[in-house]
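Reminder that position 27 of the sequence shown reads as 8 in the working numbering, one-by-one numbering, no gaps. From the three backbone atoms N, C-alpha and C, an ideal C-beta is built for every residue, glycine too. Because the structure is a prediction, the values reported are computed rather than measured. A short write-up of the structure that comes next.
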Amino acid sequence: MGKTLVINLEDIDLKGDILDVGQENFGVIYSISKEIEDELSLDYIFSENKSELKSSEYDACTFFFNLNRFWSSIEKEKLIKEVSSYVKENGEIFIWDINKDRGKVFNNKIKVILPNNRIKEFTFKNLNPVISSSIEEVKKIISKYFNIEEVKLWEDIFFIRAKKIDMAIKIE
């Protein structure tokens, strides 16, 4: 195992209805959302519930270590484009993921600092040397559908927060 990487989520502000992309997020998004709002509406995107999502609009969408599992930029863009259709105008997207070059592996302990000084720890692995996951690739994809408002890169992890683009303005 590699090093221990720390993510401080004490100041992350998730409000309203939240769409959490991915099946395994280690309970982090739920923990953040629960701390912020008593009335929590957190939905998860899976292939079997996509028809339910089409009639919903979300205030925020989260990706917590999900995009690094996709083989290609095309697959990542397809998912982000689809998810953008579920996010309200001025809604936000939050992405935490690994920055990993092709030929490398990722096997590190992640320590997440949550609101109220709670801590979640887990080991995250991406041992596939063929897959790359880069902040530049994700920024390029995201910028087609969202205005990037915040970017952070530390060690081998990145964070992107962006606001949904009004497509009528984007087209003009």
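| Item | Value |
| --- | --- |
| Segment contact, 8 Å Cβ cut-off, at least three pairs: the segment 60 to 68 with the segment 89 to 107 | no |
| Residues that residue 86 bridges to, as DSSP identifies them | According to DSSP, which records beta bridges pairwise, residue 86 is partnered with nothing at all. |
| Between the CA atoms of residue 74 and residue -7 - distance to the nearest angstrom | 12 Å |
| Inter-residue spacing [alpha-carbon to alpha-carbon] between residue 147 and residue 70 | 6 Å |
| Terminal residues of the beta strand (DSSP E) in which residue 58 lies | Premise fails: residue 58 lies in the alpha helix (DSSP H), 54 to 65, not in any beta strand (DSSP E). |
| Same chain only: Cβ atoms within 6 Å of residue 104, ignoring 5 sequence neighbours per side | 90 |
| Test item: CB-CB of residue 88 and residue 138 under 8 Å | no |
| Rounded distance between the beta-carbons of residue 82 and residue 49, thought under 8 Å | The pair is not a contact, with the Cβ atoms about 12 Å apart (cut-off 8 Å). |
| Candidates -3, 45, -16, of which the one nearest residue 10 by Cα | 45 |
| 8 Å Cβ cutoff, residue 119 in contact with chain C | In the structure shown, chain C does not exist; there is a single protein chain. |
| 6 Å Cβ shell around residue 108 - same chain, five flanking residues per side excluded | 86 |
| CB contact flag (residue 100, residue 43, <8 Å) | no |
| Same chain only: Cβ atoms within 8 Å of residue 164, ignoring 5 sequence neighbours per side | No answer is possible for residue 164: the residues shown for the chain start at -18 and end at 153. |
| C-beta atoms of residue 145 and residue 68 nearer than 8 Å | yes |
| Residues of its chain near residue 133, where Cβ-Cβ distance is below 6 Å and the 5 sequence neighbours each way are ignored | 140 |
| Simplified DSSP assignment, three categories, for residue 107 | strand |
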